[in-house]
Amino acid sequence: MLVLGVLRKAHNAPLRRNILSLQNAVFRNSLPRQNTQLLGVRFETTAPKSSTQAASKPPPQRFAYPEKLCVYHAGTGRTTFLACLKISTLFIFVFFGFVVTPAYYDKEGLSPTVLKTTLAAIVPLVFVAYTTAPFVSSIHMRLPPFARHSEDMLRRFAQKLPPHTELDITTMSFIAKPRVSQVKLSDLRPASRRFGIVNLARDTAAENATRKWYMFRAVGEFNAQSNTVTSRAPWVWDSIMNAIEKRQA
Numbered sequence: 430m431l432v433l434g435v436l437r438k439a440h441n442a443p444l445r446r447n448i449l450s451l452q453n454a455v456f457r458n459s460l461p462r463q464n465t466q467l468l469g470v471r472f473e474t475t476a477p478k479s480s481t482q483a484a485s486k487p488p489p490q491r492f493a494y495p496e497k498l499c500v501y502h503a504g505t506g507r508t509t510f511l512a513c514l515k516i517s518t519l520f521i522f523v524f525f526g527f528v529v530t531p532a533y534y535d536k537e538g539l540s541p542t543v544l545k546t547t548l549a550a551i552v553p554l555v556f557v558a559y560t561t562a563p564f565v566s567s568i569h570m571r572l573p574p575f576a577r578h579s580e581d582m583l584r585r586f587a588q589k590l591p592p593h594t595e596l597d598i599t600t601m602s603f604i605a606k607p608r609v610s611q612v613k614l615s616d617l618r619p620a621s622r623r624f625g626i627v628n629l630a631r632d633t634a635a636e637n638a639t640r641k642w643y644m645f646r647a648v649g650e651f652n653a654q655s656n657t658v659t660s661r662a663p664w665v666w667d668s669i670m671n672a673i674e675k676r677q678a
């Protein structure tokens, strides 16, 4: 009897193993379906939330005018010509000052020719720097949000410009590099300097006091007499000049 019991157990052991492996395989195959079902449920629950969040965001405001409105531009041709003139004058100064003049000095010593070549190097550089330093290439005015909506709102703002209206005035440096001066409307006043070249000026004593010795001095004189802006709002510059003249009077 014992022998028969052992034989039956040995015969039933493989069957049990096969049944257990079959059950494990069925369980494993059912896992992907459950995962996909769970993912589907999660997607269904999260999708409406994202759509509601996107719908709850307010649409971006559309303005008729940018935050910095170009109210003055001297013209591309004039700006390019003066930039080339500045750079050409630097080349003339280097050529006559460091090539021609030393050659004549080595040959003739201190002679009238050396004096002439020295003047030919210095005079054009000083004249161009003096006459073109106040040249303004462009001016941008910072608009408040309400003035950017329509032309009517911009006209209302331009008719009564506040003194703290900010202007970004772009000039050219000694090497024709753009320099931006951020000034307020109340800082500007009419002027007539440098043989009528300068028509606007401001006090730069306080700003220069805060700058270190190796920094360029702040621009205090501006030449803005030929506006070529024809698009957007060309009449804004006239309103700015009228406000400056009224404040000076």
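With our numbering applied, the sequence shown covers 430 to 678. Think of the CB as a built atom: it goes at the ideal place given N, C-alpha and C, for glycine as much as any other residue.
- Between Lys-613 and Glu-636, the CB-CB gap reaches or exceeds 8 Å.
- Nearest to Pro-591 by C-alpha distance, out of Phe-556, Leu-511, Arg-676, Pro-541, is Arg-676.
- Beta-bridge pairing by DSSP links Ile-598 to Ile-568, Ser-610.
- Look at Asn-656 here: in three-state DSSP terms it is coil, with no helix or strand label.
- Fewer than three beta-carbon pairs drawn from the stretch 602-621 and the stretch 572-587 are found closer than 8 Å, and the two stretches are therefore not classed as touching.
- Counting every other CB atom within 10 Å of its CB across the protein chains shown gives Arg-585 a total below 16, marking it as exposed.
- Unbroken beta strand (DSSP E) stretches of 3 residues or longer found wholly inside the stretch 603-651: 607-613, 618-622, 627-630, given in chain order.
- Judged by their CB atoms, Pro-563 and Thr-518 are not nearer to each other than the 8 Å cut-off.
- Counting C-beta atoms within 10 angstroms of its own C-beta, Cys-513 has fewer than 16 neighbours from the protein chains shown and is therefore classed as exposed.
- By the C-beta criterion, the stretch 539-557 is judged to be in contact with the stretch 515-531, since at least 3 inter-stretch pairs fall below 8 Å.
- The C-alpha of Val-565 is placed about 6 Å away from the C-alpha of Asn-652.
- For the 8 Å CB-CB criterion, His-502 and Asn-656 form a contact.
- Separation of Ala-558 and Thr-542 (C-alpha to C-alpha, rounded to the nearest whole angstrom) is 25 Å.
- Per DSSP, Leu-498 lies in no alpha helix (DSSP H); the unbroken beta strand (DSSP E) holding it starts and ends at 497-502.
- Taking Thr-633 as the centre and dropping the five residues before and after it, the same chain places the C-beta of Arg-646, Ala-647, Val-648, Gly-649 closer than 8 Å to its C-beta, in chain order.
- Shortest Cα-Cα distance from Val-658 to any of Lys-497, Met-582, Tyr-494, Gly-504 involves Gly-504.
- In the displayed model, Ala-493 falls within coil according to three-state DSSP, outside both helix and strand.
- The three-state secondary structure of Ala-550, taken from DSSP, is helix.
- In its chain, beyond the 5 residues on either side, Val-543 have a beta carbon closer than 6 Å to the beta carbon of Tyr-534.
- Taking Trp-666 as the centre and dropping the five residues before and after it, the same chain places the C-beta of Val-500, Tyr-501, Asn-656 closer than 6 Å to its C-beta, in chain order.
- With a cutoff of 8 Å on beta-carbon distance, Arg-618 and Ala-630 are scored as near each other.
- For Lys-515, the uninterrupted alpha helix (DSSP H) run begins and ends at 505-524, by DSSP.
- The DSSP-derived three-state label of Trp-666 is helix.
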